[in-house]
Amino acid sequence: MNLISTMDPFLSNLSNKKIILASNSPRRQELLKGLEIEFEVKLNSVDETIPKDIQAEYVAAYLSKLKSEAFVDELAENEILITSDTVVIASGHVLGKPKTEEEAFDMLKSLSGSTHTVMTAVTLRDKTRQITLEDETIVTFRFLEEEEIWHYIHQYKPMDKAGAYGIQEWIGFMGVERIEGSYYNVMGFPLHLVYAQLKKW
Numbered sequence: 020m021n022l023i024s025t026m027d028p029f030l031s032n033l034s035n036k037k038i039i040l041a042s043n044s045p046r047r048q049e050l051l052k053g054l055e056i057e058f059e060v061k062l063n064s065v066d067e068t069i070p071k072d073i074q075a076e077y078v079a080a081y082l083s084k085l086k087s088e089a090f091v092d093e094l095a096e097n098e099i100l101i102t103s104d105t106v107v108i109a110s111g112h113v114l115g116k117p118k119t120e121e122e123a124f125d126m127l128k129s130l131s132g133s134t135h136t137v138m139t140a141v142t143l144r145d146k147t148r149q150i151t152l153e154d155e156t157i158v159t160f161r162f163l164e165e166e167e168i169w170h171y172i173h174q175y176k177p178m179d180k181a182g183a184y185g186i187q188e189w190i191g192f193m194g195v196e197r198i199e200g201s202y203y204n205v206m207g208f209p210l211h212l213v214y215a216q217l218k219k220w
């Protein structure tokens with residue numbers, strides 16, 4: 020087995036481990052690289068249908084665990100799998116990834132001039148154990164003009180983003196008044212939690 024090493028001297032415990040990130044998100048891949056960790060990306064097909072009876076605050080953890088379970092029979096010894104999911108919660112409702120530009124507009128219109136919650140769950144798993152970490156960030160948008168919303172949608176195509184926005188893009192620069200919690204959690208990866216857990220693995 021080809022082991023994936025870490026350049027971070029504080030993660031020497033991972034020197035005989037292979038890290039697998041099960042995410043196609045370029046943002047999560049970029050952020051994990053920022054921890055000076057080498058990793059491999061693997062993808063698996065998962066039905067991400069959310070049960071109707073699940074509460075909004077548990078959706079991210081549910082989906083993160085679901086993605087992890089899809090690999091349970093594929094993990095080799097010394098492999099650590101990382102899966103993750105991010106949801107935007109506004110007025111008690113989960114805003115997932117928009118399917119159309121009109122749906123993206125409606126999502127951003129509902130977030131305009133108000134405060135919402137971003138929740139990310141990360142599940143780490145090897146052959147013998149699994150742990151799910153969760154983080155929450157409160158985000159407040161200023162009032163967004165309709166022309167501003169459409170400009171963002173047309174220029175940045177946020178169809179792959181929960182809540183139809185990326186805080187690291189134009190709309191975050193001009194529209195976010197304040198956040199309470201981790202900025203990277205809003206991007207979809209609470210790095211401080213992942214790093215702390217990997218140090219203990």
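Residue numbers for the sequence shown follow this note's numbering, beginning at 20 and rising by one. Even glycine gets a Cβ: it sits at the ideal position worked out from N, Cα and C.
Query: For Thr-119: DSSP bridge partner residues; Result: Partner(s): none; Thr-119 has no beta bridge.
Query: Beta-carbon separation (whole angstroms), Lys-36 vs Ile-99, contact threshold 8 Å; Result: 5 Å
Query: Cβ-based burial, Pro-70 [other Cβ within 10 Å; buried from 16]; Result: exposed
Query: Residues that Thr-102 bridges to, as DSSP identifies them; Result: Thr-142
Query: Secondary structure, beta strand (DSSP E): runs of 3+ residues fully inside the stretch 145-200; Result: 149-160, 195-199
Query: Candidates Glu-67, Thr-68, Leu-51, of which the one nearest Val-60 by Cα; Result: Leu-51
Query: Three CB pairs or more closer than 8 Å across the stretch 116-136 and the stretch 152-159; Result: yes
Query: Cβ contact (3+ pairs, closer than 8 Å) linking the stretch 94-108 and the stretch 116-125; Result: no
Query: Three-way DSSP call (helix, strand, coil) for Met-20 in this model; Result: Note on Met-20: pLDDT 44, under 50, position unreliable in the model; the coordinate value appears next. Coil.
Query: Beta-carbon proximity check, Leu-217 vs Leu-30, cutoff 9 Å; Result: yes
Query: Exposure label - Phe-192; buried when at least 16 CB within 10 Å; Result: exposed
Query: Buried or exposed (CB count within 10 angstroms, at least 16 for buried), Asn-204; Result: buried
Query: In DSSP terms, what Glu-19 is bridged to; Result: In this structure the chain extends from 20 to 220, so residue 19 is not present and cannot be described.
Query: Residue range of the alpha helix (DSSP H) that includes Leu-114; Result: Careful: Leu-114 lies outside any alpha helix (DSSP H), inside the beta strand (DSSP E) at 112-114.
Query: Per-residue DSSP class, three states only, for Val-91; Result: coil
Query: Own chain partners of Glu-240 with C-beta closer than 7 Å, once the 5 adjacent residues on each side are dropped; Result: Within the shown structure, residues of the chain are numbered from 20 to 220, placing residue 240 beyond reach of any answer.
Query: Endpoints, alpha helix (DSSP H) assigned at Gln-216; Result: 210-219
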